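Numbering (this note's numbering), first residue to last: 22 to 210. Report on the structure given below.
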């Protein structure tokens with residue numbers, strides 16, 4: 022099915038001119054002040070894991086592969102990979118570490134994720150945009166720093182380093198973006 026390049030998002034699967042399937046790792050629409058807007062896509066070839074970077078005009082047609090996208094629940098991680106269960110059929114699927122990639126630290130037990138399956142093989146996962154973690158370690162607040170817009174480094178319960186506002190102390194639960202690990206807000210729970 023042909024779609025315009027600007028509608029492609031992370032996790033989508035496209036078929037390029039070489040006839041091979043690629044999963045999109047990063048998609049960005051660039052609108053320069055002068056000239057034609059373009060869509061920058063960083064992709065990984067599903068067959069062998071080779072990474073490719075490509076630019077398309079935003080209105081250019083790209084072949085999007087038909088991939089089955091289903092909600093799954095994350096169960097656990099072991100030597101075979103990351104295991105997910107379909108909550109409707111209770112079928113389990115093992116996703117290799119190469120497919121999960123840098124999203125692994127954000128996986129929480131019983132988290133609902135979307136798993137893309139092509140010909141019975143899991144080719145990509147899509148996490149919720151935001152997840153909640155506890156701050157385990159951060160620098161103490163410096164007096165007089167509270168009003169400034171500076172951020173301080175912190176380590177979350179999943180081991181990821183991020184930057185948080187000065188008022189956040191260890192033990193505080195915060196919401197972070199799964200795309201880049203950036204701070205969003207203090208958790209409301």
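Beta carbons: idealized from backbone N, C-alpha and C, even for Gly. A quick note: this is a predicted structure, and the numbers were derived from the prediction, not measured.
Based on the DSSP output, what are the partners of residue 103 in its beta bridges? Your numbering for residue 103 matches position 82 in the chain shown. Residue 103 pairs with 98 and 116.
Residues bridged to residue 64 [DSSP beta-bridge criterion]: Translated into the one-based positions of the chain shown, residue 64 becomes position 43. Its beta-bridge partners are 45 and 73.
Inspect the beta-carbon positions of residue 130 and residue 154 and report whether they are closer than 9 Å. Numbered from its first residue, the chain shown carries residue 130 at position 109. Numbered from its first residue, the chain shown carries residue 154 at position 133. Contact: no.
Out of 134, 98 and 40, which has the shortest C-alpha to C-alpha gap to residue 83? Indexing the chain shown from 1 puts residue 83 at position 62. Closest in alpha carbon position to residue 83, among 134, 98 and 40, is 40.
Cα-Cα separation between residue 177 and residue 56, rounded to whole angstroms: As a position in the chain shown, residue 177 is number 156, starting the count at 1. As a position in the chain shown, residue 56 is number 35, starting the count at 1. C-alpha separation (whole angstroms): 42 Å.
Apart from the five residues just before and just after residue 121, which ones in its own chain have a Cβ nearer than 7 Å to its Cβ? Taking the first residue of the chain shown as 1, we reach residue 121 at position 100. Counting only Cβ-Cβ distances below 7 Å, and skipping sequence neighbours, we find 103 and 146.
How would you call residue 43, buried or exposed, if buried means at least 16 neighbouring beta carbons within 10 angstroms? Taking the chain shown and counting its residues from 1, the one referred to as residue 43 is at position 22. Result: buried.
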